[in-house]
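Here the UniProt record's numbering is used: position 227 in the sequence shown is 227, and no number is missing along the way.
No residue lacks a Cβ here, since even glycine has one placed at the ideal position from N, Cα and C.
Report on the following structure.
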Amino acid sequence: MSSERNRSVLVVGGGISGMRAALDLANAGCRVILVEKQGTTGGWLSMLDHQFPTNGCGMCRMLPHTAADIGDQQCLRKGLAHPKIEIVKGARILEAGAGPDSFTVRLRRQLPSVDPSLCMGCGVCAGVCPVEVSDPFNCGLSKKKAIHPPIPHSWPARFVIDTAVCNRCGACIEVCPTGAIRLPGSIWGDFRVLVVDDEAIVRNSTRDWLQEEGGFAVDTAESGLDAIALLQRGNYHLMLLDIKMPGMDGVEVLRKAKEIRPDLVVIMMTAYATVETAVDAMKIGALDYLVKPFDPEALLPKVEAEARKHQAASDRIIDVGAVVLATGCSLFDPAPGKNPYGYGVIPGVVTSIEFERILSGTGPTLGRLVRVEDGRPIRNIAWIQCVGSRDLQTEADFCSAICCMISLKQALLAKERLGADGGDAAVFYMDLRTAEKGGQQYREAAEAAGIRLIRARIHSLTHDPESGEIVLRWMDDGGAAVIERKDMVVLAVGQRPSEDMAHLAEVFGIRRNAAGFPEVQAFDSSATACKNVWIAGAAFGLTSIRTSMISASAAACEALAAQGYRIDGQDGASLPKVHGEERLAAIARQVPRIGVLLLVGADRMLQPIDPAAIEARLREQPDVVWVGWGGKESGLRSQESEDRRKKSGVRSQDTESIRQESEAGGWEKGEMEAVLAEAAAAGVNRLLVGTGPLDVPSETRRFFATIGRLPEMLVEVVDIHTPVLRRLVGDAASDFHEAAEEMVRSIRRGISRLRWVTPELRRVDAGVPKALVVGAGVAGMTAALSLARFGVHVDLVEKSDRIGGRANHIEQTIDGASVREFRKQLVDAVSQHPSVTCRTGTHVASCNGRAGRFRIVLEQDDRGIVEETYGAVILATGIRETDPSLCPYPTADGIVTQLAFEKFLADPACDLSGIDSVVMIQCAGTRQAPRNYCSRVCCATSLKHAMALKARKPDIDVFVLYRDMMAVGSVESVYTQARKAGVMFLSFDPDRMPTVHATEEGRLTVSTFERIVGRQIEIEADRVVLAVGMVPEADPVLCGIFGIDRDEHGFFREADIKWHPVRTEREGIFVAGAAVAPAPIPEVVATARACAIQALPYLLPKSSSGWMQRPTASVRHSLCSLCEQCVAACPFHARSLDPDIDRIVIDPMACRACGICAAVCPNDAAVVEGLLARHVFETIEEGL
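Next up, the structure:
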């Protein structure tokens, strides 16, 4: 049992939320242990090729930019790699003990049956595997072998074995070219049992019982000699040993077995007459004995007890300061129970996640729109919403939040595949909930593409056996029966708690709600009842990518604060040490002298390749001055290389060498030091390392840079194994000459990249540990307090004379939590915190500089001008209620907005005696031009007001006129309660908006078209409450000052609507709260905390300074005419004109090396490393 004492954070779950939380923590310098029960990271998103609203991927945009030198920049669907994040795959949490400020957590990991350090992903093993089962990655719509890659696009493509289905035939072992495979054990991990008995019936029956009833991996031996031979070859943990056997008896076998394996557990099997002998055997090391004939029921508990002890001994115990649960969720299974839609019975009825796999190029149909069951082409498709959500019969009184957007996305993708003139796509819904930012425009794009949106509940589905079509039946608004025929029906299945949530809730002492999801606090959607345990992403319900990113960063922020993190301590993130920095100036003056180190290892299939021929080919390359070979068990080193080693006086690795395993692929440090000493003697100033595929290439690069005393930018790591092995595997004739050519081509491409690297470092100065937060509402105050906890001094600027923002006008949430009390707590905390300076009556006048050092001028009412320098800026300017005069409704005493009605209800003197009828009109000022978006909070506010009216006056008539009730998540249960309380909900279409007529007597009449009765109706009302929606406070002047953009509706434009919802395109400037999109208070709080943790890299005063090695743009000042076209073109605000030196300067932290500046420069003065014409052409030539 291993134990670690540290102050790490444990992140449970390797989906996008877990990865986001882990990256934020790692970028702040915190060590992270990421535990994932599956064999790969990515979660649900690894199964999706397309995501709203771009219909593309983009997961890699989560990768850190400011710390790009530290982590590996690669596709996150293939895997995550970061030196500060330890990823433990195939592991689960058994128990956790809570201390005063830490947790002691026990992990158990299923040992892999395929050694990931040896597997090259060639796939030969799968070709010979006789076991074929349903593939869960494709939702059971296709088959896989017992040995397979965990996901089709994983990289490196390490294969795994499904121990539940493997028959242990051993065929894969014989063909594996690298010897990576060992036969899987069982559900008990690597615990193996050996049964030794000369009686076949006892031997075989015991084996079968242990295998079938206990799930153990069992081998048998019919004699003592056979048993000893097996023990010498294999690793067994328990032996059932008969005493009376011909030849070598059990006692002698026991003695020899203990000599071979002293820790082997032995249980003797004996007849009654030899019990005394069995007792004697226990004196020399046997654990126990069983008297024949024994009851198998008595045997099984003994074996299970030993197996549990073995597992516990190999368990890992870690001490962590905080825990982030990002376990995701599971999806509703429509097959059990009533199954009204015939899932699993009617061909062509699939769930939404199954349809995602059908659309995928790696799916069961390779992206072709055909039915899996019969290959029938799909032309007409229907989507049925709310299957397993908003359904009291399945105990799902909640909305799963994103199903509507998923169906719209899938319908659009299907429509594109079918072509403009073919097929039909129809979405059947109750309320189409497109409340997320960009959702309304996406809905309209779907309608413009010809997707039919039908407000109806499907009555039933049947299968027409003659045509093979699916027959749908429902009632239209007029009560008439409608029948349509489809080739496929997609069920938009809702969410359920993750499979592990019940166990984890018990382990960490978390309370769960009626639906089984974790309970969170009223204004903090990531905080649980357990101290220092936080929830992220879909763990508390199915959420969009955008919301998952926000909640994960917020949870990471709180976990970091729980560690006592401070930027002035030793926990700060830092750029990696530059190895060979002292040599850099000299190297810059030298011509490239490239060394090539080939690490071949134990790949049996590479042994026939002629190393001398490869070495000769490489030496023909310009600038290559040295070629060396290395790696454990390498038999591929050429004789010429060995001769040179001896002549150089460099000693090969011998028994006196101190052998240490590097963190990068297991290469022995002693051998590598000896090899690279030879390279140094040859004058190598650039190094190419050829090896197999690596999970963390940056660690290998860093390892060899350290040993070779070279900057990492001058070390290139190339995978030479995989292309060679795949070519050999794919060619039955095993053309080794062509395989060698493939190896040489891979190396030459790497040489080309090294040849053109400019050995130049970019200095990154330390940040200023001071932040500016603009706007003192809930978001601004939360962001300021979050940063202040980390030791950052914060200036909190508010243009009005009162802090609190929109929360000053809200009394309580829909759940009854007091907003007034929450606001008071924030105001008191901000006013009393020594690191927060609150400046009311102040606005920003100008901003210059760059991330880490913004020079900002503040103008204060009646107090003059203040100029300060800040490391980062958070904009939290909030939203305000739309001016009702801009809405198409008259002005009258009885017509009020939601905020006015909130104030009316909160007044202690509120009198409802003269109010008998209230009409609430939703979307009165939004979801139509010029404010074509959902304000998100209006529907919940109307439900809150409706329930308050019914509670105070049960006989009052309350009507809610709506387009789509956006009762997302748990708000749906309030919607249900409101209907039960007698609130009348009447839907309307946007082309038939309700109208309000005010008489001279002060009476109000609301007229609306009622869909069910099919005519216009009138409602007499004493009050009409308009949900006019929200508009942003962000003004164009503020955007111009900070150099950021607004979207078409005036909200701040984020860097990426999904993956970076709180960052702007300008480095160091963040947006929090409703200033980027309308949001309820818990999400506002989450965005503020997300901004705080992501701003930390720009605020670190000491350890953030250093040298940046990644490529950036540069300026040839002798050619630059100062036209500033590059400044205007740069989308990341990385270039500016410095008036002091009259030159274009580049912010290396902001520059993405995208090359736009080089494209617009008329004089070729703007250049980007790696994009020079000669380099590009040479790379292309080497790739041909």
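To which residues of the same chain is residue i closer than 7 Å at the C-beta, ignoring the five residues directly before and after it?
{"i": "ILE1012", "result": "ASP477"}
{"i": "ILE614", "result": "ALA740, MET743 and VAL744"}
{"i": "LEU182", "result": "Sequence check: residue 182 is Arg here, not Leu. Contacts found: SER113."}
{"i": "VAL131", "result": "LYS145, ALA146, VAL165, CYS166 and ASN167"}
{"i": "VAL857", "result": "ALA845, SER846, ILE865 and GLU867"}
{"i": "PHE901", "result": "HIS945 and VAL1025"}
Can you tell me where the alpha helix (DSSP H) with residue i in it begins and where it stops?
{"i": "LYS302", "result": "296-314"}
{"i": "GLY419", "result": "Note, GLY419: premise wrong, no alpha helix (DSSP H); not H, not E."}
{"i": "LEU432", "result": "Per DSSP, LEU432 belongs to no alpha helix (DSSP H) and is neither H nor E."}
{"i": "LEU359", "result": "352-359"}
{"i": "PHE959", "result": "That residue, PHE959, is in no alpha helix (DSSP H); its beta strand (DSSP E) goes 957-962."}
{"i": "GLN928", "result": "Note, GLN928: premise wrong, no alpha helix (DSSP H); not H, not E."}
{"i": "LEU676", "result": "669-681"}
{"i": "ARG619", "result": "611-619"}
{"i": "GLU738", "result": "736-755"}
{"i": "MET993", "result": "Looking at the DSSP string, MET993 is not in any alpha helix (DSSP H), and its letter there is neither H nor E."}
{"i": "ASP208", "result": "200-214"}
{"i": "LEU1100", "result": "Premise fails: LEU1100 is in no alpha helix (DSSP H) and is neither H nor E."}
{"i": "residue 1187", "result": "This structure leaves residue 1187 out entirely; the chain is present only between 1 and 1184."}
{"i": "GLU699", "result": "697-708"}
{"i": "LEU225", "result": "224-233"}
Looking only at its chain, what residues have a beta carbon closer than 8 Å to the beta carbon of residue i, apart from the 5 residues adjacent to it on each side?
{"i": "VAL1085", "result": "PHE523, ASP524, SER525, ALA554, VAL778, ALA779 and THR782"}
{"i": "ALA1153", "result": "ARG1110, PRO1111, THR1112, ALA1113, VAL1168, GLU1169, GLY1170 and LEU1171"}
{"i": "ASP315", "result": "MET1, LEU94, ARG106, LEU107 and ARG108"}
{"i": "VAL718", "result": "LEU688, VAL689, GLY690, THR691, SER746, ILE747, ARG749 and GLY750"}
Less than 8 Å between the CB atoms is what I'm expecting for residue i and residue j, so what's the real figure, rounded?
{"i": "LYS144", "j": "VAL133", "result": "6 Å"}
{"i": "GLY42", "j": "GLY13", "result": "Their Cβ separation, rounded to whole angstroms, is 11 Å, which puts GLY42 and GLY13 out of contact at 8 Å."}
{"i": "LEU1004", "j": "ALA1021", "result": "5 Å"}
{"i": "ILE458", "j": "ILE535", "result": "Wrong, their Cβ atoms sit about 34 Å apart, outside the cutoff."}
{"i": "CYS30", "j": "VAL11", "result": "Actually they are not in contact, since the Cβ atoms of CYS30 and VAL11 sit about 10 Å apart, beyond 8 Å."}
{"i": "PRO64", "j": "LEU94", "result": "So it is not a contact: roughly 32 Å between Cβ atoms."}
{"i": "residue 1187", "j": "GLY775", "result": "Residue 1187 lies beyond the stretch modelled for the chain, which goes from 1 to 1184, so this question has no answer here."}
{"i": "GLY250", "j": "ILE243", "result": "4 Å"}
{"i": "residue 1185", "j": "ALA446", "result": "What the structure shows of the chain is the stretch from 1 to 1184, and residue 1185 is not part of that stretch, so it cannot be assessed."}
{"i": "ARG686", "j": "ARG583", "result": "Not really, about 11 Å apart at Cβ, beyond 8 Å."}
{"i": "VAL387", "j": "ALA492", "result": "6 Å"}
Taking residue i as part of the beta strand (DSSP E), name the residues at either end of that continuous run.
{"i": "TRP383", "result": "380-387"}
{"i": "PRO497", "result": "495-497"}
{"i": "VAL133", "result": "132-134"}
{"i": "SER460", "result": "460-463"}
{"i": "THR220", "result": "217-221"}
{"i": "ASP288", "result": "288-291"}
{"i": "ASP719", "result": "715-719"}
Spatial neighbours of residue i within its chain, please: C-beta separation below 6 Å, excluding the five flanking residues on both sides.
{"i": "ALA221", "result": "VAL196, ALA227 and LEU230"}
{"i": "PRO149", "result": "ALA157 and PHE159"}
{"i": "PRO53", "result": "GLY438 and TYR442"}
{"i": "GLU1067", "result": "ALA851, MET1149 and ALA1150"}
Run through the DSSP bridge pairs and tell me what residue i is partnered with.
{"i": "ARG1046", "result": "PHE1052"}
{"i": "ARG485", "result": "VAL471"}
Could you tell me whether any non-hydrogen atom of the ligand SAH is closer than 6 Å to the CB of residue i?
{"i": "PHE985", "result": "In terms of ligand content, the structure shown is empty, and the ligand SAH therefore cannot be addressed."}
Chain B beta carbons: is any one of them nearer than 7 Å to that of residue i?
{"i": "PHE517", "result": "In the structure shown, chain B cannot be found, because there is only a single protein chain."}
Checklist entry - Where in the segment 855-882 do unbroken runs of the beta strand (DSSP E), each at least 3 residues long, occur, reported from the N-terminal end onward? => result 864-870, 872-875 and 879-881
Next on the checklist: My parser needs the beta strand (DSSP E) runs of 3 or more residues fully inside the segment 89-116; what are they?
Outcome noted: 91-98 and 103-109
Item to check | Ranges of the beta strand (DSSP E) found wholly within the segment 887-914, counting only runs of at least 3 | outcome: 895-897
Next on the checklist: Runs of 3 residues minimum, wholly inside the segment 506-567: which ones carry the beta strand (DSSP E) assignment?
Outcome noted: 533-535
Item to check | Contained beta strand (DSSP E) runs [length at least 3] in the segment 998-1081, N- to C-terminal order | outcome: 1004-1010, 1015-1021, 1023-1026, 1030-1032 and 1069-1071
Checklist entry - Of all the alpha helix (DSSP H) runs that stay within the bounds of the segment 762-828, which reach a length of 4 or more residues? => result 778-789
Next on the checklist: I'd like the ranges of any beta strand (DSSP E) spanning at least 3 consecutive residues and lying wholly in the segment 1115-1150.
Outcome noted: 1135-1138 and 1143-1146
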